[in-house]
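Remarks on the structure that follows.
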Amino acid sequence: MLRIATLALLSVTSLAACRTLQPEGTPDDAQADVAPAGTLESTTEGQSGAATTDAAERREPAATDSMDEGSEIDSAVPAGPPRAPEGELDGIPVGFTEDDLPYRGSPDAPIVVEEFSDYHCPFCARFATQTQLTLLERYVATGKVRFVFHEYPIISLHPTADRASVAARCVAEQGAEAYWRMHDALFERQTASTGAADPDAWLAELAVEMGADPNDYAACMTAGRADAIVANSVASTVARGYNGTPSFSITVPDTGKAYDFIGAQPVEDFSAWFDALLAGDEPPVPPTPEPPQLPYWASPEGLAPDPDRPGLTMAGNPFRGDADAPMTVIEFTDYQCPPCRAYALDAQPGVDQALVDTGKVRWVIKHLPLPEHPQSRVAAAAAVCAAEQNRYWEMSDQLFERVDEWSIDEPDSVLAELADAAGLDVPAFSTCLSGRRALEPVLTDVQDASGVAGSTPTFLVMVGGVGNVLTGNQSSEAMIKAIEAFAED
8 MLRIATLALL SVTSLAACRT LQPEGTPDDA QADVAPAGTL ESTTEGQSGA ATTDAAERRE
68 PAATDSMDEG SEIDSAVPAG PPRAPEGELD GIPVGFTEDD LPYRGSPDAP IVVEEFSDYH
128 CPFCARFATQ TQLTLLERYV ATGKVRFVFH EYPIISLHPT ADRASVAARC VAEQGAEAYW
188 RMHDALFERQ TASTGAADPD AWLAELAVEM GADPNDYAAC MTAGRADAIV ANSVASTVAR
248 GYNGTPSFSI TVPDTGKAYD FIGAQPVEDF SAWFDALLAG DEPPVPPTPE PPQLPYWASP
308 EGLAPDPDRP GLTMAGNPFR GDADAPMTVI EFTDYQCPPC RAYALDAQPG VDQALVDTGK
368 VRWVIKHLPL PEHPQSRVAA AAAVCAAEQN RYWEMSDQLF ERVDEWSIDE PDSVLAELAD
428 AAGLDVPAFS TCLSGRRALE PVLTDVQDAS GVAGSTPTFL VMVGGVGNVL TGNQSSEAMI
488 KAIEAFAED
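All you need for my numbering is the position in the sequence shown, starting with 1, plus 7.
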């Protein structure tokens, strides 16, 4: 996590912007547009807030403060009490709580662990297929711990993860044993699941393989009964303040105390907590975290020009302006976002003339396609392909100017026309766009935005290793004034 300056520029920090959509039913204050004032969190892959180092993924920032591992929850909303077990799986009782959450472990276990997880999150899979196996043997099979599972697909990072959760909940209609078989298989076969050309067909085959009745499963999927369950699970998870996967709430029912435990931590850490709580003690105090560091993409090393890829930083982001400029602005943008378009076409030329062309500012682009803009990801991938030919800025202009033309169900042919107008080698562009390689930098940018940018456009103004956040469509005059004010602070 990187601490950044908090400046009195509220008049220019929250103007028109595209924002991530909240799940239906989410409270208005469950998700903030930007990181809490004065905070920029490092979000290179594998990081999630101050409580973890390399063991979690994050969704867009929540309005609640980041939760340190080990913090006691004063107002936790734990899962409901367990109903009687429906059966056993591998010798462990399985069933559902009164509020229909799947559990495994003794209903009388002295410790309850609620897990908030995503079937397509690699850290979640690591926990499920490695760490949890030991915990099941040591603590769950012996009646000491009961696990309760909450579906928490983060579709901004994993676009089809919600389908896996819906499939699991449809299998749950056929019993707890069937659910947990499907649950375990989804994590064990994560690579196949994330790479499936037809996710629903692949999930249907897996459900049948795990013993589900195909007709009952198909009826559930068609009716959409599980969709609402998953949406409600996501909304309630966000409302409880969890913004990363995997996250855990560890509760001691006898005392009513509950604690956050964030990330796919080593089995030794889980054991230390469980053993302390079983003995009636407080859990271990986590070590003091290392001083915050700049994420690579915002560091001098990551912002340096790549000698092998003209026009790109070492972190792989397009830039223009003097690489030795005293200030750097990193813009998070979405090509289908109207405020982004307005800023790019109306304000940016004046900013370039005053600050970029004069050597005062280097301008860097990172992609943040929002879920509510269905073609924004492929447009960002098209921009990545253009950047490979050192024509990013020309393609960016085309994308913003002709957004209505490519905002269609099948935009590839129109994007090829834009590439031609931008001066690209069209066959090479089309080959790039048809593969997954172009999407990978986009997904990296989305993950980098977590904790920094929850709306578009967002501008991170870097001065002397300190980041300052501006959001929304600014006029060129307002943007120039704000950037110069940061330089003078």
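Note that CB positions come from ideal geometry on N, CA and C, so glycine has one too.
Predicted model, so just to flag it, every value in this text is computed and none were measured.
Nearest-angstrom Cα distance between C392 and A445?
6 Å
Find out if the Cβ-Cβ distance for the pair V371, L310 is shorter than 8 Å.
yes
According to DSSP, is G251 helix, strand or coil?
Note: G251 maps to strand in three-state DSSP.
For Y186, which residues from the same chain have a beta carbon less than 7 Å from its beta carbon, with the 5 sequence-adjacent residues on both sides left out?
Excluding residues within five positions, the ones whose Cβ falls inside 7 Å are P109, A175, V178 and A179.
With a 10 Å radius around its C-beta and 16 neighbouring C-beta atoms as the bar for buried, classify I337 as buried or exposed.
buried
Could you give the distance in angstroms between the alpha-carbon of A230 and the alpha-carbon of F194?
25 Å
Which residues in the same chain as R153 place their Cβ atom closer than 8 Å to its Cβ, once the five residues preceding and following it in sequence are excluded?
P89, Y110, R111, G112, S113, P114, A116, I118, V119, V120 and V147
Given this structure, state the Cα-to-Cα distance separating I490 from D261, to the nearest angstrom.
55 Å
Going by beta carbon distance, what residues of the same chain come within less than 7 Å of D169, once the five residues before and after it are set aside?
P160, I162 and V237
DSSP three-state call for K264: helix, strand or coil?
strand
For the alpha helix (DSSP H) that P500 lies in, which residues bound it at each end?
With the chain represented from 8 up to 496, any question about residue 500 goes unanswered, as that position is not in the structure.
When you compare only the Cα positions, how much space is there between D307 and D282?
The displayed chain sequence assigns Pro, not Asp, to residue 307. Straight-line Cα distance between these residues: approximately 44 Å.
Please check the pair Q405 and A428, which I expect to be a contact at CB under 8 Å, by giving their CB distance rounded to whole angstroms.
6 Å
Can you name the residues that DSSP bridges to I99?
BP columns for I99 point to L96.
DSSP puts G474 in a beta bridge; with which residues?
M469
Judging by CA-CA distance, which residue of E105, V259 and M321 is the nearest neighbour of A286?
V259
Determine the DSSP secondary structure at V292, reduced to helix, strand or coil.
It is coil, neither helix nor strand.
Thinking just about the alpha-carbon of each residue, which of G251, S482, M469 and P434 is nearest to the one in A494?
M469
Tell me whether the region 477–487 and the region 312–322 touch, counting them as touching only if at least three CB pairs, one residue from each stretch, are closer than 8 Å.
No contact exists between the region 477–487 and the region 312–322.
Assign Q382 to buried or exposed, taking buried as 16 or more other Cβ atoms, counted over all protein chains shown, within 10 Å of its Cβ.
buried
Under 8 Å Cβ to Cβ from M217, same chain only, skipping five residues before and after it: list those, please.
V178, A185, R188, M189 and A192
Anyone know if the C-beta pair for H127 and S243 falls short of 8 Å?
no
Using the three-state DSSP reduction, which class does G45 fall into: helix, strand or coil?
With a pLDDT of 29 at G45, under the threshold of 50, the predicted position of this residue should be treated as unreliable, though the coordinate-derived value follows. Of the three classes helix, strand and coil, the one that applies to G45 here is coil, per DSSP.
Going by beta carbon distance, what residues of the same chain come within less than 8 Å of V215, once the five residues before and after it are set aside?
P221 and Y224
Considering only C-alpha positions, which residue in the set R348, Y303, L213 and L142 is nearest to T465?
R348
For the ligand ADP, any of its heavy atoms closer than 7 Å to the Cβ of M189?
Here there are no bound small molecules, and the ligand ADP is not part of this structure.
Pick helix, strand or coil for M402, following the three-state DSSP scheme.
Reduced to three states, the DSSP call for M402 is helix.
Please name the residue or residues paired with L319 in a DSSP beta bridge.
P325
Below 8 Å on the Cβ atoms is my contact criterion, and I expect L375 with A456 to pass it. Report the Cβ-Cβ distance as a whole number of Å.
5 Å
Do L431 and R398 have their C-beta atoms closer together than 8 Å?
In this structure, the beta-carbon distance from L431 to R398 falls below 8 Å.
Mind checking who E122 pairs with in its DSSP beta bridge?
F156 and F255
As a quick exercise: from D205, V173 and P302, pick the residue whose alpha carbon is nearest that of N239.
V173
Of all Cβ atoms in chain C, is any one closer than 8 Å to the Cβ of L142?
The structure shown contains no chain C, having only a single protein chain.
Could you compute how far the alpha carbon of F5 sits from the alpha carbon of R133?
An answer regarding residue 5 cannot be provided, because it is not within the stretch 8 to 496 covered by the chain.
Alpha carbons only, please: which of M228, Q197 and T198 is nearest the one belonging to A211?
M228
Please state whether DSSP places E338 in a helix, a strand or coil.
strand
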